[in-house]
Amino acid sequence: MTVITLTILLFALGIGTSLTFVSSHWLLAWMGLEISTLAILPLMAQHHHPRAVEAATKYFLIQATAAAVLLFASTTNAWISGHWDIQQTSHPLPLTMATLALALKIGIAPLHSWQPEVLQGLGLNTGIIMATWQKLAPFAILTQIQTPNSLLLITLGIASIFIGGWGGLNQTQLRKVLGYSSIAHLGWMVLVLQYSRPLALLALLLYIIVTYATFTLFNLQSVTSVKSLFALGAKNPILTTLLPFLLLSLASLPPLTGFLAKLLILKELTKQGLAPTAALAILGTLLSAFFYVRLSVATALTLAPNTMTSTAPWRLSSLRLTLPLSISTALAVALLPLTPALLALLTY
């Protein structure tokens, strides 16, 4: 793919997401979602590998189905109420349909099964976009609509947390692990969305930071499976030191950044009188924490069965990914001390 083509596709990707951000009209928001979907499809299939083409086809079919349901929901709302404003949508039928359509677009359980398979078929560079940027536009619409049934979002959130943790237990491919990790983290965001939208957006931002750092580190060393983590320590000790911190931050263990979002969400759920729901969410997170700890052990505490003949470099080579990796890793590990400042921002 030429530089000009890549620039045009990335520009269209940004335009589509930005159009959804600024839209209060259902048709404009839907148009932004479709521009984003059509822009990323050539990026997914650029290597012409059968697995990449299969992933692009699956993604197109799923997104087209969700877009059709979303368009039908917005048309139904216009037929019932007479307007196209997203925030003024009040009838339960179009709201429920729109919520489920956006859940399918993002990959929230039980509408999640496409996401790990699609991520597995992509390269790591495109996987970063799929796991982070493509979540922004549908989530922006979710924050604008008023879901009439709080039980629906709670059910989607708890199901995503448990299925995301359960599905990642036996995985040997890192992209599938990160796919199920995305499902579990989205469950936490959906769980608190109706009670505190700024808190849900903060959780999404922290998830994007940590996931971007993890994908970038895997991409820097071309690591795609669990067994390839065994030899990472001999090839690059610096990255071997960083990776467990990122994985444990995804597992939301203190004192890392990932713990911040979970702590604030649990506090909000308890304040809303949903202590049993918070307890279920914590139990579901234990499943996710298990496979994160398993990956950390494979990285830092397991030696490769063969002897490495090459010498370990004492520093990273000067690549384009080095600076973004260092910045995102610092943010993914050390933001917990800023909790009082973030609480002040969420309060006012």
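To convert, note that position 107 of the sequence shown is 107 in full-length UniProt numbering; the numbers rise steadily by one, no gaps. Even glycine gets a Cβ: it sits at the ideal position worked out from N, Cα and C.
Considering only heavy atoms of the ligand SAM, does any lie closer than 7 Å to the CB of Leu93?
Only the bare structure without any ligand can be found here, which leaves the ligand SAM out of the picture.
If we ignore side chains and look at the alpha-carbon of each, how far apart do Ala45 and Thr20 end up?
Here residue 45 is taken as the residue at index 45 of the sequence shown, counted from 1. Here residue 20 is taken as the residue at index 20 of the sequence shown, counted from 1. Separation of Ala45 and Thr20 (C-alpha to C-alpha, rounded to the nearest whole angstrom) is 24 Å.
Take the Cβ of Met1 as the centre, count every other Cβ of all protein chains shown within 10 Å, and call the residue buried at 16 or more, exposed below.
Locating residue 1 in the sequence shown gives position 1, counting from the first residue. Burial check for Met1: the Cβ neighbour count within 10 Å stays below 16, so the residue is exposed.
Considering only their Cβ atoms, is the gap separating Ile62 from Trp133 smaller than 8 Å?
Walking along the sequence shown from the start, residue 133 turns up at place 133. Walking along the sequence shown from the start, residue 62 turns up at place 62. No, the pair does not count as a contact, with Cβ atoms beyond the cut-off.
Distance, Asn170 Cα to Phe291 Cα:
By 1-based counting over the sequence shown, the position of residue 291 is 291. By 1-based counting over the sequence shown, the position of residue 170 is 170. If you draw a straight line from the Cα of Phe291 to the Cα of Asn170, it comes to about 8 Å.
Gly164, buried or exposed, once every other Cβ within 10 Å from all chains shown has been counted against 16
Residue 164 sits at position 164 when you count from the first residue of the sequence shown. Gly164 should be labelled buried.
Between Thr17 and Ala137, is the Cβ-Cβ spacing less than 8 Å?
Within the sequence shown, the letter at position 17 stands for residue 17. Within the sequence shown, the letter at position 137 stands for residue 137. A contact, by the Cβ cut-off of 8 Å.
Secondary structure at His25, three-state DSSP: helix, strand or coil?
Numbered from 1 along the sequence shown, position 25 holds the residue referred to as residue 25. His25 falls in the strand class under three-state DSSP.
Excluding the five sequence neighbours on either side, which residues of its own chain have a C-beta within less than 6 Å of the C-beta of Ala289, listed in chain order?
The sequence position of residue 289 within the sequence shown is 289, counting from 1. Excluding residues within five positions, the ones whose Cβ falls inside 6 Å are Ala251.
Keeping to the same chain, check which residues put their C-beta closer than 7 Å to that of Val333; ignore five residues upstream and five downstream.
Taking the first residue of the sequence shown as position 1, residue 333 is located at position 333. Same-chain partners within the cutoff: Phe245, Ser249, Leu256, Thr257.
Give the straight-line distance between the Cα atoms of residue 364 and Lys235, rounded to the nearest whole angstrom.
The structure shown does not extend to residue 364, since the chain is modelled only from 1 through 348, so no value can be given for it.
Taking buried to mean at least 16 other C-beta atoms within 10 Å of its own C-beta, is Val177 buried or exposed?
In the sequence shown, residue 177 corresponds to position 177, counting from 1. With 16 or more other CB atoms across the displayed protein chains lying within 10 angstroms of its CB, Val177 is buried.
So is Leu217 buried or exposed if we call it buried at 16+ other beta carbons inside 10 Å?
Residue 217 sits at position 217 when you count from the first residue of the sequence shown. Counting the other Cβ atoms within 10 Å of the Cβ of Leu217 gives 16 or more, which makes it buried.
Touch check for the region 150–166 and the region 237–244: three-plus C-beta pairs under 8 Å?
Flag = no, the region 150–166 and the region 237–244 do not touch.
For Thr302 and Gln221, I'd like the C-alpha separation in whole angstroms.
Taking the sequence shown and counting its residues from 1, the one referred to as residue 302 is at position 302. Taking the sequence shown and counting its residues from 1, the one referred to as residue 221 is at position 221. Each residue's Cα considered, the two are about 18 Å apart.
For my contact list, Leu124 and Phe215 are in at a C-beta cut-off of 8 Å; report their separation, rounded to the angstrom.
Indexing the sequence shown from 1 puts residue 124 at position 124. Indexing the sequence shown from 1 puts residue 215 at position 215. The Cβ separation is near 6 Å, so the contact holds.
Closest residue to Leu38 among Ser24, Leu10, Leu156 (Cα-Cα distance)
Position 38 of the sequence shown holds residue 38. Relative to Leu38, the option among Ser24, Leu10, Leu156 whose CA is nearest is Leu10.
Less than 8 Å between the C-beta atoms of Leu331 and Leu202, yes or no?
Position 331 of the sequence shown, counted from the start, is the residue given in the question as residue 331. Position 202 of the sequence shown, counted from the start, is the residue given in the question as residue 202. No, the Cβ-Cβ distance between Leu331 and Leu202 is not below 8 Å.
Which same chain residues, not among the five before or five after Gly233, have their C-beta less than 6 Å away from its C-beta?
In the sequence shown, counting from the first residue as 1, residue 233 sits at position 233. Correct list, in chain order: Thr240.
In whole angstroms, what is the alpha-carbon distance linking Ile8 and Ala55?
Counting from 1 along the sequence shown, the entry for residue 8 is found at position 8. Counting from 1 along the sequence shown, the entry for residue 55 is found at position 55. Rounded to whole angstroms, Ile8 to Ala55 spans 22 Å at the Cα level.
Taking Cβ to Cβ, would you say Thr285 is nearer than 8 Å to Lys267?
Along the sequence shown, read from residue 1 onward, the residue named residue 285 stands at position 285. Along the sequence shown, read from residue 1 onward, the residue named residue 267 stands at position 267. In terms of Cβ geometry, Thr285 and Lys267 do not form a close pair [threshold 8 Å].
Looking at the unbroken alpha helix (DSSP H) that takes in Gln221, where does it start and where does it end?
As a working mapping, residue 221 is identified with position 221 in the sequence shown. Annotation for Gln221: the continuous alpha helix (DSSP H) segment containing it runs 197–221.
Integer Cβ distance of Ile108 from Trp188, believed to fall under 8 Å
Position 108 of the sequence shown, counting from 1, holds the residue named residue 108. Position 188 of the sequence shown, counting from 1, holds the residue named residue 188. About 11 Å separates the beta carbons of Ile108 and Trp188, which is beyond the 8 Å limit, so they are not a contact pair.
So what's Gln173 in DSSP terms, helix, strand or just coil?
Here residue 173 refers to the residue found at position 173 when the sequence shown is read from its first residue. Three-state DSSP puts Gln173 in a strand.
Thinking C-beta only, is Ala98 closer than 8 Å to Ile35?
Counting from one through the sequence shown, the residue named residue 35 turns up at place 35. Counting from one through the sequence shown, the residue named residue 98 turns up at place 98. No, Cβ-Cβ distance for Ile35 and Ala98 is not below 8 Å.
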